[in-house]
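Student: Take this structure first; my questions come after.
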Amino acid sequence: MSLKSNKFIPVNEPVVTSSDAKSVYETVKSGWISSTGNKINEFEKQLAKITKRKFCCCVSSGTAALEIAMKSLNINKKSEVIMPTFTIISNANAIIKSFAKPVLIDSDPVTWNIKIEDIEKKISKKTKAIMLPHIYGFPNNMDKILKICKKYSLYLIEDAAEMIGQKFRGKPCGSFGDISTFSFYANKHITTGEGGALFTNDKKLYEKFRELRNLSFGKKERFNHDDLSWNYRFTNIQASIGLSQLKRLSKIVKRKREIGKLYNQYLKNCKNIFIQPNKLNYADNIYWVYGVLLKDKLRNKKKIIQKELLKNNIETRPFFWPMHKQKIFNQMGLFKNEKHPVAENLSKNGFYLPSGLGLKNNQIKYISKILIKIITKFY
Numbered sequence: 000m001s002l003k004s005n006k007f008i009p010v011n012e013p014v015v016t017s018s019d020a021k022s023v024y025e026t027v028k029s030g031w032i033s034s035t036g037n038k039i040n041e042f043e044k045q046l047a048k049i050t051k052r053k054f055c056c057c058v059s060s061g062t063a064a065l066e067i068a069m070k071s072l073n074i075n076k077k078s079e080v081i082m083p084t085f086t087i088i089s090n091a092n093a094i095i096k097s098f099a100k101p102v103l104i105d106s107d108p109v110t111w112n113i114k115i116e117d118i119e120k121k122i123s124k125k126t127k128a129i130m131l132p133h134i135y136g137f138p139n140n141m142d143k144i145l146k147i148c149k150k151y152s153l154y155l156i157e158d159a160a161e162m163i164g165q166k167f168r169g170k171p172c173g174s175f176g177d178i179s180t181f182s183f184y185a186n187k188h189i190t191t192g193e194g195g196a197l198f199t200n201d202k203k204l205y206e207k208f209r210e211l212r213n214l215s216f217g218k219k220e221r222f223n224h225d226d227l228s229w230n231y232r233f234t235n236i237q238a239s240i241g242l243s244q245l246k247r248l249s250k251i252v253k254r255k256r257e258i259g260k261l262y263n264q265y266l267k268n269c270k271n272i273f274i275q276p277n278k279l280n281y282a283d284n285i286y287w288v289y290g291v292l293l294k295d296k297l298r299n300k301k302k303i304i305q306k307e308l309l310k311n312n313i314e315t316r317p318f319f320w321p322m323h324k325q326k327i328f329n330q331m332g333l334f335k336n337e338k339h340p341v342a343e344n345l346s347k348n349g350f351y352l353p354s355g356l357g358l359k360n361n362q363i364k365y366i367s368k369i370l371i372k373i374i375t376k377f378y
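The sequence shown begins at 0 in numbering that gives the first Met the number 0 and counts up by one.
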C-alpha cells in the first residue's frame, strides 16, 4: 500500500447489513412503526438476557436513560452524586437536570475510568449515588466500586453505554448497577441509529422507567398525568434493527478486539505515546474506540498530528473534555478552581483513531504507518 490513501477513512462507520435492512422493511410493511409493537418487547427480553437482568426498558437514547435513572431514584435537590470528570456531558447533565450536585473525581491513568482511590474522600452526608460510566475499553473495577456502595449505602447508576458485550470477571457490564444503562447510537457495537436502555432487577423501578419514558399518562384518566416526565419512547423500527444486530454481537466484539490488537502490534514500539494494554487481570479490552495518548516530546502536539493524519485521509476524534473544564458549567459557576490532572492530560493529549467495524486490516496497517511517520518528525 502506498503512503497515500485515496479513500477517506472515517473514525467510525456503522455497519448495516442486508439482514438489518430486511428486518426494517418487514417491520415497516407490518404497519407497526411507532412505539408499540412486539419487536420492542422481544428486543428488551433479549437485552435483559444478555445482561442477566430481570427487566429492560428501551428508550430514545442513552442520555434519556440516564435522566430517567436519576428521576426514578428520586435523587434531587440537596443531593450529591459522584461521577468522573472525564466522560460524556450526558452524565453531568442528568444530575444537574435533577437539581442534584455532581461531585467530580479524576481518572485512573491506565484505564481512564474513575480513580477509585479518590471516591471515599468525596463522600458526604449528601451523597446519594455514584454515576459510573465505563470509559472506552475497560470496565471499572466493580469489586471495589460495589464495596464502596455497600459501605455507604449508595445507589449505583452504571453507565455501560460503550460496553455491550464487555464483561468484568466474566459477568456482563450492565449487570452491576441498581440501574444500568446502554446506548445504541451509531458508533456503538449494536446500533439502532439512536436509542438506549435501562436495566434493573427491581420491578418498581422498571415500572417507573416505563411511565417516565411515556409522559406518565394517568392510570385512571389517561390525560390526567401522574408525574412530570418526557416522550423518550423507543420505536418498533429501531427494535427491528437491534434484534438483527444482536445476532452477531459475539462477532462484533471479536472484531473490535482484533482491531485493537492489530493497532497495538503495529504501534507497540512507537515512542512517546501511551496505548492501553490488551487486557487487565479482570477484563479484556473491548476497544470501543482505539485511543492514543501523547506523552513526552509529543505533548501539546495533538492538533498538529490530527491535522497531518487528516491530510492523509485519516479522520480522528479528540477524547472527552472534562466536566470541570466545560464552558457551560464554568458560566454556571460550577466546579470552580477544580484540578484533575490526569483527566486534563487525557483531554489535551488524547485522541482516537478509526476503529469502526468496516475497517480493513490493511487500513489499520496504513493508519499506523502514517501515524509513526508523522510523530517521528518530533523526535
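The C-beta atom is built at its ideal place from N, Cα and C for all residues, glycine as well.
1) Tell me whether the beta-carbon of I383 lies closer than 8 Å to the beta-carbon of R212.
2) What distance in whole Å lies between the Cβ atoms of K372 and Y265, which are believed to be in contact at a cut-off of 8 Å?
3) In the structure shown, what three-state DSSP assignment does K265 receive?
4) State the start and end residues of the unbroken beta strand (DSSP E) segment that holds C55.
5) Of the choices W287, I327, S367, whose alpha-carbon is the least far from that of E12?
6) Using three-state DSSP, classify V341 as helix, strand or coil.
7) Just verifying my parser: in three-state terms, what is the DSSP assignment at D283?
8) Go through its chain and collect everything with a Cβ distance to T199's Cβ below 6 Å, but skip five positions before and after it.
9) Taking the alpha carbon of A160 as the point to measure from, which residue in K48, P171, L153, Y154 has its own alpha carbon closest?
10) How many angstroms separate the CA atom of I388 from the CA atom of S239?
11) Rounded to whole angstroms, what is the Cα-Cα separation between V15 and E25?
12) Looking only at its chain, what residues have a beta carbon closer than 7 Å to the beta carbon of S1, apart from the 5 residues adjacent to it on each side?
13) Going by CA-CA distance only, name the one from I156, I163, F181 that's closest to S60.
14) Roughly how many angstroms lie between the CA atoms of D225 and C57, to the nearest whole one?
15) Starting from I129, follow the beta strand (DSSP E) in both directions and report where the run begins and ends.
16) Got a sec? Which residues, its chain only, sit under 6 Å from V102 by beta carbon, not counting five neighbours each side?
17) Using only CA atoms, which one of G332, I104, F233, N280 lies nearest to N37?
18) Specify, as a first and last residue, the run of the alpha helix (DSSP H) that A238 falls within.
19) If you draw a straight line from the alpha carbon of M69 to that of Y231, how long is it in whole angstroms?
20) Excluding five sequence neighbours on each side, which residues of the same chain lie with their C-beta closer than 8 Å to the C-beta of I258?
21) Could you tell me if N268 is buried or exposed, where buried requires 16 or more neighbouring beta carbons within 10 angstroms of its beta carbon?
Tutor: Checking against the coordinates, here is how it stands:
1) Any property of residue 383 remains undetermined from this structure, which presents the chain solely from 0 to 378.
2) Incorrect: roughly 12 Å between the Cβ atoms, too far for contact.
3) The sequence given here has Tyr at residue 265, not Lys. The answer is helix: DSSP assigns Y265 an H, G or I state.
4) 54-58
5) W287
6) helix
7) strand
8) F54, I178, Y205
9) P171
10) Any answer about residue 388 is impossible in this case: the structure gives the chain only from 0 up to 378.
11) 15 Å
12) Low per-residue confidence applies at S1: pLDDT is 46, beneath 50, and the placement is therefore not dependable, though the value from the model is reported in the following sentence. Excluding sequence neighbours, S1 sits near nothing in its chain.
13) F181
14) 21 Å
15) 126-132
16) E79, I81, K121
17) F233
18) 235-245
19) 14 Å
20) Y286, Y289, S354, L358, I363
21) exposed
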